[in-house]
Each structure stands twice: as structure tokens, then as C-alpha cells.
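So the structure is just underneath, and the comments pick up after that.
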Amino acid sequence: MRTMGHEAPAGDLRLANLTKKFGVFTAVDDLSLTIPQGSFFALLGASGCGKTTTLRMIAGLEEPTSGQVLLGDRDIARLRPYKRPVNTVFQSYALFPHLDITENVAFGLRRRGIRKVAEQVDRMLALVQLEGYGPRRPAQLSGGQQQRVALARALINHPQVLLLDEPLGALDLKLRRQMQIELKRIQTEVGITFVHVTHDQEEAMTMADTVAVMNAGKIEQLGAPADIYEFPATAFVANFLGQSNLLAGEASGTSGRDVLVSAHGGRFSVPAARARLARGPVFLGVRPEKLHLVATAAAVPAGHQHVGGVVTDASYVGVSTQYLVKTAWGSELSAFSANSGLGGQLPVGTPVVAHWDPRHAFLLPREPGEDDRTTPLLDEPVGVLP
Amino acid sequence: MTALAHVPTGSGQSASPPAPRRGRHRLLPYLLLLPGAAWLLIFFAVPLVQLAAASLYDPSGSVTTGYAMTGAVGNYPAALQEYWPQLVRSFVYTGIALVLALLMGYPLAYGIAQKAGRWKNLLLVSVVAPMFTSFLVRTLAWKTILSDNGWLVGLLRDVHLLGPDGRLLATAGAVVLGLTYNFLPFLVLPLYASLERLDPRMLEAASDLYASPLRAFQKVTLPLSMPGLVAGTLLFFIPASGDYINAELLGTPRDNMIGNVIDSAFLVKLNYPQGAALSFLLMAAILAVVFVYLRKAGTEEVL
């Protein structure tokens with residue numbers, strides 16, 4: 022991962038202090054990031070977090086209030102969209118209904134005065150596995166096929182950056198999985214920088230090399246999907262990218278290699294390398310799949326830390342069972358238990374001890390007065406402007 | 009679902025609909041067609057046949073002495089020979105008016121459909137509002153506006169856009185203006201309907217794919233508005249080319265259109281065979297123009 026300040030090679034896409042205001046509402050707030058050439062970059066966030074506005078500013082469909090969009094060393098922030106070496110796969114595909122597939126795909130080439138398009142169009146349709154569909158109209162194609170046409174229509178222009186605005190949002194789950202793999206394959210094949218906007222954390226994690234989690238117009242965390250998942254930077258990220266049990270506590274400083282935390286009357290520790298801060302109000306976080314349930318405190322492995330509780334809900338989802346464990350102070354922790362055949366099901370009402378390896382826990386900053394956060398954030402908050 | 013479970017079994021029998029009687033089902037579409045078909049028959053087909061018959065009457069008859077049905081096909085060439093200038097003039101005036109209406113109407117429809125925002129409905133009403141008054145009254149209003157001692161002529165004379173004896177009323181220009189004005193809404197409304205459906209994301213996509221605004225209009229907006237454009241053009245062209253009010257009130261006999269000739273054949277000269285023959289000639293001419301136009305415009309795929 023390159024960061025700001027390094028010398029950018031010719032094709033890197035850099036956003037520098039990019040800001041977009043709609044009236045009093047700040048959609049994108051002083052955003053700076055570098056997207057290395059040839060990478061698959063995902064902007065992940067809920068509706069209204071500014072990710073689509075960011076994308077539209079790169080495409081030129083929205084003019085920034087301030088800041089720069091640099092492609093290599095060239096600031097393209099004020100170029101008209103049709104003058105940018107950037108193409109977009111739109112959320113609704115926006116295929117031209119009055120043109121057949123060939124002409125849809127050839128549209129960009131024709132606008133640049135290229136007359137011989139047949140060969141390139143055929144090659145593109147082959148790339149997206151739609152050979153022979155050229156003479157059809159968009160309305161005669163399924164959603165997944167239209168999605169591929171939209172991709173071919175953008176890719177045929179060999180843009181320096183390809184922007185994808187929730188490209189899989191309209192597809193059903195199975196097709197979405199298939200297209201995720203397909204998109205990744207195509208990106209590897211063409212080597213073009215892909216900037217992918219999505220609210221689907223799984224989609225972002227499966228496809229992207231680098232994920233930026235956005236919230237309220239700012240980037241909360243940026244990094245490789247595994248790094249973000251294993252060690253989130255904020256409570257928002259911890260619950261937006263996957264699910265976390267966040268216990269409100271107070272960190273009292275380091276002792277040796279550990280940070281000491283007291284929470285709900287218990288004393289815990291987290292390795293200093295996994296603590297975002299060492300003193301003050303903190304969230305002690307553990308992912309549900311890292312939380313294991315045993316019958317008694319005696320059964321907790323050495324070195325693990327634990328809290329007691331009662332099973333209040335058990336949802337069997339095939340590959341795993343998802344338990345809710347109510348602690349003595351009333352919070353409900355989530356614990357996922359893999360259906361590996363070891364150990365049986367725990368019925369509701371069973372008193373259990375939930376334990377975890379401190380190396381799997383993490384410490385995040387917490388606003389004073391904030392309580393435990395154990396429920397996942399909704400993908401689509403109600404009442405937030407897109 | 010649970011509510012259904014409590015319904016006594018007695019009503020369960022009536023829950024399955026009775027087997028449809030095939031005969032009634034087959035007849036239903038025709039029954040629904042009946043009122044419209046009857047209307048068409050009585051008010052269109054019968055008069056049309058009557059008119060066709062009248063166009064073949066012996067032209068030497070009269071309303072008072074009665075007409076003899078002699079199959080006088082010669083009425084057609086005779087009428088055409090006498091009045092072809094008016095027929096041609098009708099299409100020339102209508103053509104010019106159509107071009108003017110397109111130049112005004114397309115930007116207007118586009119503006120209302122895509123840019124008007126919350127003013128959309130108000131603007132639409134403004135387009136239609138003149139139609140709340142009679143066609144005749146509106147045209148008479150233009151007569152006042154364009155009159156020789158009206159303010160408009162005075163103003164144009166003052167700024168020397170018009171000579172001291174120049175006039176607006178009773179000119180070919182006034183007739184074309186009247187046609188443009190009176191039939192503009194028929195062009196704008198279907199065009200608006202088409203442009204209103206135009207997804208702005210189409211234009212964003214075009215722009216993203218290297219189309220300048222002009223190109224985007226030519227390659228995306230225009231083709232996508234074709235259905236409305238064709239419908240609007242026809243709704244403008246067909247009534248305008250048969251119109252006689254504008255030429256009557258705003259022009260002179262020199263500016264007479266075919267409508268005026270037909271009007272006077274029926275109501276002044278009482279020459280029914282001639283009026284009927286001219287009516288059919290006009291109809292044939294319009295059909296020919298529309299046919300050629302639709303072939304050229306070729307919008308069946310978009311429609």
C-alpha cells in the first residue's frame with residue numbers, strides 16, 4: 022500500500038483533499054487517498070457515506086467543491102467527463118435501449134472517431150462471455166448479461182481507471198457471487214485500475230486488494246481486507262465490516278506487552294500491538310467466531326479470558342450455529358460456533374462461559390459514556406440521504 | 009395465513025372460482041369493442057362513404073335540384089386542376105410552421121421534462137392553458153395583436169423592422185404564425201412525454217463514453233425522443249394542413265389553403281361534389297406524406 026507523500030508513478034489515481042458539499046451537507050469531507058495503478062480498490066460504506074459522490078467526482082459527473090483528482094501528475098478534477106481517460110459501469114447499467122449490444126459496446130470508440138470497431142467489440146464480448154449477442158437489444162438480455170455489456174462498454178476504451186458503482190447491486194445472490202469472481206478475473210486479465218463502490222462488505226472483501234471503509238464523508242480505515250477485518254481501527258469499522266462484540270471498558274495503561282482493561286467488573290488484557298490506545302475509555306472487541314462457548318470456567322483453556330452468561334438464542338444456519346449469550350450485566354454477545362462435528366448444540370437457557378484468546382481481541386477508542394455495541398450495523402440505514 | 013385456517017369449510021367451496029364459460033370469455037373482447045366500433049361506424053365510416061359517394065355525383069346538379077349519382081370520376085382531376093395551388097400552399101405553410109414549431113417546441117419540451125424541477129407542472133399547464141379558450145377566440149386575439157393599428161406593428165415600424173406601410177396581418181407570415189401557435193401544444197405534449205421518460209443517466213453514460221453534449225444529444229437524446237417526435241409531428245401536421253381558420257382570419261384570399269376551398273365549396277358555393285373530391289384529395293395527400301414520413305423515420309423499434 023502506497024500512502025500520500027510518496028512519489029506517485031504515472032498511472033496512480035490520487036485524491037487530494039477532495040471535498041464536495043451539497044448546500045450545507047458535506048458529502049465528501051477532505052478526502053485524500055492514493056489508488057495504485059492496476060489495483061482493485063473498493064470504497065465500502067453505507068448509503069449516504071459519500072462513496073458514490075467520490076466516484077462521480079472521479080468520473081467527472083460531479084464537480085468537487087475543492088480538492089484535486091490527480092491521474093499521474095495531471096489534475097483532472099475540472100475536466101469534462103468526456104475528456105477523461107476514465108470510464109464507468111453504472112449502477113443501473115444505463116445501457117442505450119435504442120442501440121444493439123454491438124453499438125452499445127462500440128459507443129465510446131465511435132465517439133473518438135474509430136470506424137473499425139467490429140474486431141474490438143467481438144474481443145470485448147468474448148472477454149465478458151457474450152459472444153454472438155451483438156445484434157440483440159439490451160431489453161432482450163438478463164440482468165447479469167446487461168451487467169456484462171456495461172462492463173464491456175466501459176473496458177473497450179482501455180480507460181486508465183474503471184469505476185464501478187454498485188455494479189452487482191441489482192443481481193441476485195448467486196449471480197452476484199459468480200460476477201464477483203468474473204470481475205476479479207477480468208481485472209487481473211486487463212490490469213486496469215478498478216475502483217469499486219459497494220455497501221456489501223463481503224463483495225468488497227472478496228474482490229478488492231485494498232478496501233477503504235467510508236463513513237460520513239471520511240475514510241475510517243484503509244488497508245487490505247484481512248488487515249481491516251482482523252484489526253479494525255474504529256468501532257464503526259468493527260461493526261460495518263463483519264460483526265463484533267464491543268465491550269465498553271477503561272484501559273489503565275500497559276503492563277509489559279499488554280494493555281490492561283477493566284470492563285463490567287472484570288479485568289482483561291490485550292496485546293499492545295492490538296490496541297489502538299492504552300489509556301482511557303475503550304471498546305474491547307472480539308469477533309463472534311473468535312468467541313468460544315464452554316460449560317464451566319474450569320474448561321477455559323489456559324491463557325484465554327472469559328465472561329459468563331446464558332444462551333438466549335441459537336440460530337442454526339447450517340455451516341455454523343450463531344448463539345446469543347446474555348451476560349450478567351445484560352449485554353448480548355454473539356458467538357459463532359462452526360458446525361465441525363465437535364461438540365453438540367447448546368440449548369437456550371444453558372449457562373455458559375464465553376472465552377477468547379487475547380491475541381484475537383482488539384482495543385478501540387470509545388466515546389465516554391458509550392455502552393457495549395454488540396449488534397451489527399445495518400447495510401442500509403433508514404432515513405439517510407444517498 | 010392463519011386467518012384462512014379459521015374459515016369454516018363451508019365457504020371453502022365457493023373459494024374455488026367457477027369454471028369460466030369459454031363462450032362468454034371469447035365474446036368479451038368484442039363486447040368491449042362494441043361502443044367504440046359503433047361510434048366509428050356511425051360517425052366515421054358512414055359519413056366517409058357518404059362523402060365518397062358525393063365526390064362522384066354529377067357536378068351539374070345542385071343542392072336544390074338534387075344530385076344524380078353518375079360516378080363522375082372526372083370531379084377529381086377537375087378539382088385538382090383548379091385548386092392545386094391551394095393544396096400545395098397548405099403543405100408549404102404547414103411545413104414552415106412545423107419547422108418553426110419544432111425549433112420552439114423541442115427545447116421547450118426538453119426544458120420542461122428535464123430541467124424544470126418543481127416548475128414542471130406549472131409549465132405544462134401553461135402549454136395547455138391556451139386550449140381552455142376556443143381555437144377561434146385565440147386566433148381572433150392574434151388578429152388584434154397583429155392588426156395594423158396595434159402596438160406590435162407600431163413598435164416594429166418605430167424600430168424600422170417594418171416599413172411605414174408594412175403590416176403583419178393579412179400576410180402569409182401571419183397565417184404561418186397562426187398555424188405554429190395554434191398547433192404547438194400538439195407537438196409539445198407527446199414530445200414532453202418522451203423526453204420525460206429519458207433517463208438522465210443515459211446522458212451521463214454518453215458523457216462518460218466520450219460524447220460531447222452535442223454528440224450525446226444527437227446519438228442518445230434525439231433517438232430516444234423519436235416516438236414523441238414522430239407522434240407530435242403527426243399531431244401537428246395532420247390538423248394543420250387541413251386548417252382553414254388561420255388562413256381565413258389572419259390571411260387574405262391569396263393565402264387560402266385547401267381547407268378554405270373545401271369550406272367554401274360546401275358552405276358558399278354549395279358544390280358538394282367538388283368539396284367532397286377535394287376532401288378526399290387532401291386526405292390522400294396527407295396519408296401519402298405520413299406514409300413516407302413513417303417509412304423514413306422508422307421508429308417501430310423504439311415505439
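Here the protein sequences come in this chain order: A and B.
Numbers given in my numbering equal positions in the first sequence, counted from 1, plus 21.
Numbers given in my numbering equal positions in the second sequence, counted from 1, plus 8.
Note that the Cβ used here is the ideal one computed from N, Cα and C, for glycine as well.
Everything numeric in this text was worked out from a predicted model, so none of it was measured.
Would the beta-carbon of residue i fall within 8 Å of that of residue j?
i	j	result
residue 175/A	residue 90/A	no
residue 229/A	residue 253/A	no
residue 40/A	residue 86/A	yes
residue 201/B	residue 63/B	no
residue 409/A	residue 264/A	With chain A covering 22 to 407 only, the question about residue 409/A has no answer from this structure.
residue 203/B	residue 121/B	yes
residue 262/A	residue 201/A	no
residue 114/A	residue 171/A	yes
residue 124/B	residue 131/B	yes
residue 387/A	residue 257/A	no
residue 266/B	residue 91/B	yes
residue 375/A	residue 238/A	no
residue 270/B	residue 147/B	no
Does residue i come out as helix, strand or coil in the three-state DSSP assignment?
i	result
residue 152/A	coil
residue 33/B	helix
residue 74/B	strand
residue 177/A	coil
residue 153/B	helix
residue 277/B	coil
residue 191/A	coil
residue 62/B	helix
residue 224/A	helix
residue 299/A	coil
residue 56/A	strand
residue 360/A	coil
residue 26/A	A caution first: residue 26/A carries a pLDDT of 39, below 50, which makes its placement in the model too unreliable to give a value.
residue 311/B	At residue 311/B the pLDDT is 39, less than 50, meaning the model places this residue with poor confidence and gives no usable figure here.
residue 85/B	helix
Can you give the beta carbon distance from residue i to residue j, rounded, assuming they're within the 8 Å contact cut?
i	j	result
residue 65/A	residue 52/A	No, residue 65/A and residue 52/A are not in contact; Cβ-Cβ is about 14 Å, not under 8 Å.
residue 228/B	residue 305/B	Between residue 305/B and residue 228/B the Cβ distance is about 17 Å, and since that is not below 8 Å, they are no contact.
residue 216/A	residue 62/A	5 Å
residue 279/A	residue 293/A	6 Å
residue 126/A	residue 173/A	5 Å
residue 300/A	residue 274/A	5 Å
residue 33/A	residue 58/A	5 Å
residue 106/A	residue 180/A	5 Å
residue 361/A	residue 395/A	Wrong, their Cβ atoms sit about 24 Å apart, outside the cutoff.
residue 295/B	residue 95/B	Contact flag wrong, Cβ pair sits at about 14 Å.
Kindly list, in the order they appear in chain A, the residues whose Cβ is closer than 7 Å to that of residue i.
i	result
residue 213/B	111, 115
residue 231/B	119
residue 228/B	117
In chain A, which residues lie less than 9 Å from residue i when you measure between Cβ atoms?
i	result
residue 238/B	Correct list: empty, because the minimum Cβ distance to chain A is about 13 Å.
Give me, in chain order, the residues of the same chain whose beta-carbon lies closer than 7 Å to that of residue i; leave out the 5 immediate sequence neighbours on both sides.
i	result
residue 175/B	156, 161
residue 248/B	102, 105, 187, 191
residue 60/A	214, 230, 231
residue 259/A	253, 265, 267, 306, 385
residue 358/A	314, 341, 342, 344
residue 141/A	130, 177
Give the residues of chain B in contact with residue i, contact being defined as C-beta atoms less than 9 Å apart.
i	result
residue 220/A	Going along chain B, no residue has its Cβ under 9 Å from residue 220/A, so there is no contact; the nearest lies around 19 Å.
residue 174/A	213, 217
residue 260/A	What residue 260/A touches in chain B: nothing, since even the nearest Cβ is about 32 Å away.
Please list, in chain order, the chain B residues whose beta carbon lies closer than 8 Å to that of residue i.
i	result
residue 43/A	The contacting residues do not exist; residue 43/A stays about 15 Å from chain B at best.
residue 102/A	212, 215, 216
residue 82/A	212, 215, 216
residue 108/A	216, 217
Might you give, ordered along the chain, the residues of its own chain that have their beta carbon closer than 8 Å to the beta carbon of residue i, omitting 5 neighbours on each side?
i	result
residue 66/B	75, 76, 77, 78, 80, 281
residue 86/B	67, 282, 285
residue 194/B	240, 243, 244, 247
residue 240/A	52, 54, 233, 234
residue 165/A	192, 196, 199, 200
Once you ignore the five residues that flank residue i on each side, which residues in its own chain have a CB closer than 6 Å to its CB?
i	result
residue 155/A	122, 123
residue 344/A	332, 335, 356
residue 378/A	325
residue 38/A	51, 53, 88
residue 108/B	188
residue 76/A	184, 186, 218
List the residues of chain B whose Cβ lies closer than 7 Å to the Cβ of residue i, in chain order.
i	result
residue 132/A	217, 218, 219, 223
residue 128/A	217
At 8 Å on the CB atoms, spell out the chain A contacts of residue i, in chain order.
i	result
residue 209/B	111, 113, 115
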